[in-house]
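Under my numbering, the first residue of the sequence shown is numbered 6, with each subsequent residue one higher. Below is one structure, written out as structure tokens; comments come after it.
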Amino acid sequence: MDWNDLFGKAIELVKDHWLKAVVALALTMLSGAWTFFWAWRKWRSRYDMDVLHISQNSIEMRPTGKDGASEPWLILDVHSENQLSDDITHPIPRRLIKQAASRTTESQPFLKFSDADRWHVLNIVRLAIAEPFKIGTAAKMLPDAKVGVVDAVFAMTYERYTNMRQGKIRVMIAPRKMLDDSKAF
Numbered sequence: 006m007d008w009n010d011l012f013g014k015a016i017e018l019v020k021d022h023w024l025k026a027v028v029a030l031a032l033t034m035l036s037g038a039w040t041f042f043w044a045w046r047k048w049r050s051r052y053d054m055d056v057l058h059i060s061q062n063s064i065e066m067r068p069t070g071k072d073g074a075s076e077p078w079l080i081l082d083v084h085s086e087n088q089l090s091d092d093i094t095h096p097i098p099r100r101l102i103k104q105a106a107s108r109t110t111e112s113q114p115f116l117k118f119s120d121a122d123r124w125h126v127l128n129i130v131r132l133a134i135a136e137p138f139k140i141g142t143a144a145k146m147l148p149d150a151k152v153g154v155v156d157a158v159f160a161m162t163y164e165r166y167t168n169m170r171q172g173k174i175r176v177m178i179a180p181r182k183m184l185d186d187s188k189a190f
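Listed below in structure tokens is the structure:
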């Protein structure tokens, strides 16, 4: 076998299979372009609606005003950042939470639910946010435990920012007395 035979067989192979090679290459390029398009599209519309941030909030006075004057600061102590599906296991409330989050604006970040759904969704969220506080509940059973009861309220927000593609679904927990204090804000 010499080089001419080898070259001739290669030419014959290309003539017989060129169409298959072109189709395979075209399909590979097309599927790659389609995948890139969907990844790009998801990134452009990314809002992080699959993550639930739970934070305990407080107001602190800090000397940040003019001439060192005290100003109120909202302090967010994050308890957890979990997948929404980990904290809210039922698919219907998850869908309702995402829909409510998509209806918020920068000036109105609070999630609003219909009258028919509000109690059910917020009760499931209440059960989910009770998790970090179970240790205190269990500690109350000990005779000398230094555990107190705090009346708390919570609100759900979707924080979005103009120049960012990312937002946050947040459950903000605050002591009720903080909201009753007119000087807290």
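For glycine and all other residues, C-beta sits at the position ideal for the given N, C-alpha and C.
- Item | Rounded C-alpha distance that separates Trp-48 from Val-154 | If you take the alpha carbons of Trp-48 and Val-154, they lie about 44 Å apart.
- Residues bridged to Ala-160 (per DSSP): Met-177
- Task: Pick out whichever of Glu-164, Ala-179 and Pro-180 has its Cα sitting closest to the Cα of Lys-173.
- Result: Glu-164
- Message: Within the continuous alpha helix (DSSP H) that includes Leu-147, where are the two ends?
- Response: Element bounds for Leu-147: n/a, residue is neither H nor E.
- Return the residue from the list Lys-20, Asp-82 and Trp-43 that minimises the CA-CA distance to Asn-62. Considering only alpha carbons, the answer is Asp-82.
- Query: Going by the C-beta, is Ala-157 closer than 6 Å to any heavy atom of the ligand MG?
  - Reply: In the structure on display, the ligand MG does not appear, and there are no ligands present to speak of.
- Would a C-beta distance cut-off of 7 Å place Arg-175 and Thr-162 closer than the cut-off? yes
- Message: By the DSSP assignment, the alpha helix (DSSP H) with Leu-81 in it spans what residues?
- Response: Segment 76-88 is the beta strand (DSSP E) holding Leu-81; no alpha helix (DSSP H) there.
- Are Ala-105 and Phe-118 closer than 7 Å when you measure CB to CB? yes
- DSSP-derived helix/strand/coil call for Val-154: coil
- Whole-angstrom Cβ separation of Gln-88 and Val-130, contact assumed at under 8 Å? Gln-88 to Val-130, Cβ: 15 Å. No contact.
- Going by CA-CA distance only, name the one from Lys-151, Arg-46 and Met-177 that's closest to His-84. Met-177
- Span of the beta strand (DSSP E) holding Ile-59? 56-67
- Out of His-125, Pro-148 and Asp-156, which has the shortest C-alpha to C-alpha gap to Phe-138? Asp-156
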